[in-house]
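Student: Dumping the structure here so I can ask a few things about it.
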Amino acid sequence: MEPRFSRDPQVERSLRYSVRDGVAWSIMFGAGESYLQAFAVFLKATTAQITLLTALPSLLGSAAQLLSAWVAGRAIPRKSLIFGGVLLQLLMWMPIIALVFLPTEHPVLLLIVWVALYYIGGQFAAPPWSSLISDLVPERRRGRFFGRRTQLMSFFTFGSLSVAGIVLEFFAQREAAGWGFALVFAVALAARIYSLRQLMGMHEPMQRLEPFTLPPLAGLLDRLRGSDFARFALFISFMNLAVAVASPFFTLYMLRDLKFSYLEFTIVSAFYILIQFLAINLWGRLSDVFGNLRVVQVTSIVFPVLPVLWVVFPSFWAILVFQFIGGIVWAGFSLAA
0 MEPRFSRDPQ VERSLRYSVR DGVAWSIMFG AGESYLQAFA VFLKATTAQI TLLTALPSLL
60 GSAAQLLSAW VAGRAIPRKS LIFGGVLLQL LMWMPIIALV FLPTEHPVLL LIVWVALYYI
120 GGQFAAPPWS SLISDLVPER RRGRFFGRRT QLMSFFTFGS LSVAGIVLEF FAQREAAGWG
180 FALVFAVALA ARIYSLRQLM GMHEPMQRLE PFTLPPLAGL LDRLRGSDFA RFALFISFMN
240 LAVAVASPFF TLYMLRDLKF SYLEFTIVSA FYILIQFLAI NLWGRLSDVF GNLRVVQVTS
300 IVFPVLPVLW VVFPSFWAIL VFQFIGGIVW AGFSLAA
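Per numbering that gives the first Met the number 0, residue 0 is the first one in the sequence shown, and the count goes up by one each step.
Encoded structure:
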């Protein structure tokens, strides 16, 4: 019997829609988004193009979040904003799939454009979705609800990523990797269409959102110097900056330099997700005993070492061990931070 999270039938039904949306999003992420860089490598992307494929969509996606927060304060229904963002995101899978079949002189540059619009749509929908779901989930039950939703999402991300990798390997062995990418991206498209249907079924409580405003610049530096939150935010920002510098090149390194097969690449990627899923409950207990700050401090020490090990020991089995360690420490860091 499924747990109930609200006594209001309308809210309870909306939360079930949200769980289905999360599962569908996970399938899209595992079967589609996780393989966009691998697809770029298949299209013969250069190192600079791989960098742009990662950096530009993220930058524009962040700007889309600010725009969404500003628009939401203009009395526009949140579901309308979610619909517009998710619709743009799912539509971008169509030209991405078309790159497999349509001859073009600059396929990677077109891929960067489509992926950028994909991220803009997804990030534009994120703030109104967060606002809507926080209104629907009773505060005293948020831990249970998001815990169950996250577990299901992790399971389906792992499953869809694994199956997609097997499909790609099957087609690659027959020198038809393009058809494999088209198939898994079509699954991602179908999953996002289903996700949109679930989102549109959710109830939107009436709420007057405050207009989005930026904090005053006067005295900002003095406020930052005396703020523990500012120091924490800077730490997280620099940590994310360091990750963003290296992360675009791991896929390129495995597929182009180490000549990993799609199956080996999938095993390495899926194993990392599985370890995070298994380690999260342990880190929760450790955080309760030792505190979140101690967990962040300990895990942060490990991060700088891992990329060095990837270079020193460039073998499949060694990298699998590094993914085991990385999955454990990132699960703790993400939870505690």
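Yeah, the Cβ is synthetic: ideal placement off N, Cα and C, and Gly gets one too.
Quick caveat, the model's predicted, so the values are computed rather than measured.
Report buried or exposed for Q9, applying the criterion of at least 16 other Cβ atoms within 10 angstroms of its Cβ.
Tutor: Translated into the one-based positions of the sequence shown, residue 9 becomes position 10. When all chains shown are included, Q9 counts as exposed.
Student: Thinking just about the alpha-carbon of each residue, which of L262, Y118 and W178 is nearest to the one in P56?
Tutor: Stepping through the sequence shown from its first residue, residue 56 is reached at position 57. Of the listed residues, the one whose Cα sits closest to P56 is Y118.
Student: Smallest Cα separation from L188: which of R173, T46, G31 and L66?
Tutor: Within the sequence shown, numbered from 1, the residue matching residue 188 stands at position 189. Ranking R173, T46, G31 and L66 by Cα distance to L188 puts G31 first.
Student: If contact is defined by three or more beta carbon pairs under 8 angstroms, each pair taking one atom from either stretch, is the stretch 81-101 in contact with the stretch 119-127?
Tutor: With a cut-off of 8 angstroms, the stretch 81-101 and the stretch 119-127 count as touching, because enough Cβ pairs lie within range.
Student: Would L58 be called buried (16 or more neighbouring beta carbons within 10 Å of its own) or exposed?
Tutor: Looking up residue 58 in the sequence shown gives position 59. Exposed, because fewer than 16 other Cβ atoms sit within 10 Å of the Cβ of L58.
Student: Out of curiosity, what's the CA-to-CA distance linking F159 and G325?
Tutor: Translated into positions along the sequence shown, residue 159 becomes position 160. Translated into positions along the sequence shown, residue 325 becomes position 326. A quick correction: the sequence has Ser, not Phe, at residue 159. About 21 angstroms.
Student: According to the Cβ coordinates, are A269 and F157 closer than 8 angstroms?
Tutor: The sequence position of residue 269 within the sequence shown is 270, counting from 1. The sequence position of residue 157 within the sequence shown is 158, counting from 1. Yes, Cβ-Cβ distance for A269 and F157 is below 8 angstroms.
Student: Do you know how far the Cα of F100 is from the Cα of F38?
Tutor: By one-based count along the sequence shown, residue 38 stands at place 39. By one-based count along the sequence shown, residue 100 stands at place 101. F38 and F100: Cα-Cα distance of roughly 13 angstroms.
Student: Is the stretch 234-250 in contact with the stretch 11-30, if contact means three or more CB pairs nearer than 8 angstroms?
Tutor: Touching, no, given that fewer than three Cβ pairs across the two stretches are closer than 8 angstroms.
Student: For the structure I just gave you, are there three or more beta carbon pairs, one from the stretch 326-336 and one from the stretch 285-296, closer than 8 angstroms?
Tutor: Yes, since at least three Cβ pairs between the stretch 326-336 and the stretch 285-296 fall closer than 8 angstroms, the two stretches touch.
Student: How many Å lie between Y34 and L65 at the Cα?
Tutor: To locate residue 34, count along the sequence shown from 1; it is residue 35. To locate residue 65, count along the sequence shown from 1; it is residue 66. Taking the straight line from one Cα to the other gives about 27 angstroms.
Student: Tell me which same chain residues have a C-beta within less than 6 angstroms of the C-beta of R148, skipping the five on either side of it?
Tutor: For the purposes of this step, residue 148 is taken as residue 149 along the sequence shown, with counting starting at 1. Here the set comprises V18 and G21.
Student: How long is the line joining the alpha carbons of F312 and F321, rounded to whole angstroms?
Tutor: Along the sequence shown, read from residue 1 onward, the residue named residue 312 stands at position 313. Along the sequence shown, read from residue 1 onward, the residue named residue 321 stands at position 322. F312 and F321: Cα-Cα distance of roughly 10 angstroms.
Student: Going by alpha carbons, who is nearest to Q150 out of Q275, D256 and P76?
Tutor: Residue numbering aside, residue 150 sits at position 151 when the sequence shown is read from its first letter. Ranking Q275, D256 and P76 by Cα distance to Q150 puts Q275 first.
Student: Helix, strand or coil, according to DSSP, for P247 in the structure here?
Tutor: Locating residue 247 in the sequence shown gives position 248, counting from the first residue. Helix at P247.
Student: Flag this pair as touching only if the stretch 168-187 and the stretch 87-106 have three or more C-beta atom pairs under 8 angstroms; answer yes or no.
Tutor: They touch, by the three-pair rule.
Student: At which residues does the alpha helix (DSSP H) containing S268 begin and terminate?
Tutor: Sequence index remark: in the sequence shown, residue 268 carries index 269 (1-based). Y261 to F289 is the span of the alpha helix (DSSP H), which, as asked, contains S268.
Student: Should M0 go down as buried or exposed, given a rule of 16 or more other Cβ atoms within 10 Å for buried?
Tutor: Taking the sequence shown and counting its residues from 1, one reaches residue 0 at position 1. Low confidence applies here, because M0 scores a pLDDT of 48, under 50, leaving its location unreliable and the question unanswered by this model.
Student: In chain order, what residues of the same chain lie with their CB nearer than 8 angstroms to the CB of L285, ignoring the 5 residues before and after it?
Tutor: As a first step, residue 285 must be located in the sequence shown, where it is residue number 286. Here the set comprises V294 and G331.
Student: Between which two residues does the alpha helix (DSSP H) harbouring K78 extend?
Tutor: Here residue 78 corresponds to residue number 79 of the sequence shown, with the count starting at 1. Taken as a continuous stretch (DSSP letters only), the alpha helix (DSSP H) holding K78 covers R77 to L90.
Student: Between the Cα of L319 and those of Y271, W282, W329 and V307, spot the shortest distance and give me the residue it belongs to.
Tutor: Residue 319 sits at position 320 when you count from the first residue of the sequence shown. Here the closest residue by C-alpha is Y271.
Student: Using the C-alpha atoms, what's the distance from T250 back to K43?
Tutor: In the sequence shown, residue 43 corresponds to position 44, counting from 1. In the sequence shown, residue 250 corresponds to position 251, counting from 1. Cα-Cα distance, rounded: 13 angstroms.
Student: I think L167 touches Y261, with their Cβ atoms under 8 angstroms apart; what is that distance to the nearest whole Å?
Tutor: In the sequence shown, residue 167 corresponds to position 168, counting from 1. In the sequence shown, residue 261 corresponds to position 262, counting from 1. Going by Cβ atoms, the distance from L167 to Y261 rounds to 4 angstroms, so yes, they are a contact pair.
Student: Ordered along the chain, which non-local residues of its own chain (more than five positions away) have a Cβ less than 6 angstroms from that of F170?
Tutor: Counting from one through the sequence shown, the residue named residue 170 turns up at place 171. The residues are A176, W178 and G179.
Student: Rounded to a whole number of angstroms, what is the C-alpha to C-alpha distance between R191 and M93?
Tutor: Along the sequence shown, one-based indexing puts residue 191 at 192. Along the sequence shown, one-based indexing puts residue 93 at 94. Whole-angstrom Cα-Cα distance: 12 angstroms.
Student: How big is the Cα-Cα spacing for H202 and L195?
Tutor: Position 203 of the sequence shown, counted from the first residue, corresponds to residue 202. Position 196 of the sequence shown, counted from the first residue, corresponds to residue 195. Roughly 14 angstroms separates the two Cα atoms.
Student: For I49 and S133, I'd like the C-alpha separation in whole angstroms.
Tutor: Along the sequence shown, one-based indexing puts residue 49 at 50. Along the sequence shown, one-based indexing puts residue 133 at 134. Between I49 and S133, the C-alpha separation is close to 36 angstroms.
Student: Whole angstroms is fine: what's the gap from N280's alpha carbon to R139's?
Tutor: Translated into the one-based positions of the sequence shown, residue 280 becomes position 281. Translated into the one-based positions of the sequence shown, residue 139 becomes position 140. So the two alpha carbons sit approximately 20 angstroms from each other.
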